[in-house]
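Below is one structure, written out as structure tokens; comments come after it.
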Amino acid sequence: MIYKKDANFPYPILSSNTLAYEESDFTIKVSFEEDGDLYRFKIASQLTSEFVEALLKNGEAQYLLVIQSKDTKFFPLDAHDLQVEIAKNRMSLSNRTSIQLHIVAKSDIRFENNHELNSFYDQLKHSIVVPKFSMIGYSNIVTFEGGMKNPLDLFEKRLNPNLSSAIKFELGSECIIIHFRDEDIQFQSMTRVNAFMNPYFYTGMRIALERFISNYADEDDDVVELSQMTQPEDLLDFKLYNLMTSKAVEELHVDNIDEVIGRISHQIIEKYVKAVKELVAHED
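Residue numbers (the working numbering): 192 to 475.
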């Protein structure tokens, strides 16, 4: 099964969401490939615990990859080769696929020499024994959206003659929807139609990123730490998350929204300005 951040265990667990360890971090990134009749998942793991790392190296613990789609499958992984190949006829990716990496005990594990636990366990750890096959740690959840209608499209345009305003923005289930009252507002007669639409796209992205901050920012400082957050369940937010992480955006907050838009939109404003200059030069 996939463990969420509120999972409880009767002994210390290593994850990015628990407080049992002084330095608690166990995160993964997943790359996905299709190769003929195979799906290939490659895992990049970041693990802060030297205690758990040693258990993996000496064979007392093992990585277990959990892939949850229409059903749930488990794949033991070699600590030195974190990837798995799956025949396409064994797994359907037509719907949301969630991936998590577990660390499980291959023998009874005593915690008396685990010096990374917080002070609460100082008087308890000598009596902690994690049984064979039990969980020692679990990573964040990585989600692939095989069921997206438009996995790469961030915007959808709709024409609505009954609109009370010239233009309206809506954050849909997986796209930023721009409603137009008539076609002229979409610059349909212009040769550089996409470039002239860029101010609309910019506005839509700003609205979506403001909601992203509202949904995922830390309560104390209103900053979204992208490397620390769990991948969003919302499909539009998932697309934005992927765009930002692919451009090495590490954090998002109100003061850097415009900078982030510039990084993820391939010079959206510059292309608009260039199109306007070309139009003016042509008219002269």
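Beta carbons are placed, not taken as given, at the ideal position from N, Cα and C, and that holds for glycine. Predicted model, so just to flag it, every value in this text is computed and none were measured.
Distance between Gln253 and His293, taken at the CA atoms: about 8 Å.
When Glu450, Ser418, Glu410 are compared, the shortest CA-CA separation from Thr436 is found for Ser418. Annotated three-state conformation of Val243 is helix, per DSSP. Residues Glu224, Glu276 of the same chain have their beta carbon placed closer than 6 Å to that of Arg231, with the five preceding and five following residues left out of the count.
For the set Lys316, Tyr393, Asn331, Cys366, the Cα lying nearest the Cα of Ile193 is the one of Asn331. Contact annotation: the segment 308 to 327 does not touch the segment 343 to 358, with fewer than three C-beta pairs closer than 8 Å. In this structure Ile258 is not in contact with Ala235, their Cβ atoms being roughly 16 Å apart against a cut-off of 8 Å. In this structure, Pro203 is the residue among Gln291, Leu273, Pro203, Leu426 with its C-alpha nearest to the C-alpha of Phe242. Burial is judged here by how many other beta carbons sit within 10 angstroms of a residue's own beta carbon; Phe265 has fewer than 16 and is exposed. In the same chain as Glu416, and ignoring 5 residues on each side of it, the C-beta atoms closer than 6 Å to its own belong to Glu442, in chain order. Judged by their CB atoms, Met388 and Ile452 are not nearer to each other than the 8 Å cut-off.
Pairing Phe360 with Ile404 gives a Cβ-Cβ distance that is not under 8 Å.
For Ser405, the enclosing alpha helix (DSSP H) starts and ends at 389 to 407. Gln274 has Lys233 as its beta-bridge partners, per DSSP. Shortest Cα-Cα distance from Thr263 to any of Ala386, Leu255, Ala270 involves Leu255. In this structure, His457 is the residue among His457, Leu229, Ser207 with its C-alpha nearest to the C-alpha of Leu434.
Beta-bridge partners of Pro267 (DSSP): Leu255. In this chain, the beta strand (DSSP E) harbouring Glu225 covers 217 to 226. When DSSP states are grouped into helix, strand and coil, Gln377 belongs to the helix group.
Ranked by how close their Cα comes to the Cα of Asp269, the residues Tyr212, His317, Lys233 have Lys233 in first place. When DSSP states are grouped into helix, strand and coil, Lys297 belongs to the coil group. The straight-line gap separating the alpha-carbon atoms of Asp313 and Gln274 is approximately 37 Å.
Sequence-distant Cβ neighbours of Leu345 in its own chain, meaning closer than 7 Å and more than five residues away, are Cys366, Ile367, Lys430.
Between Gly328 and Phe200, the gap from beta carbon to beta carbon reaches 8 Å or more. Val333 is bridged by DSSP to Ile290. Leaving aside the five residues that flank Lys261 on each side, the residues in its chain whose CB is nearer than 6 Å to its CB run, in chain order, Ser283.
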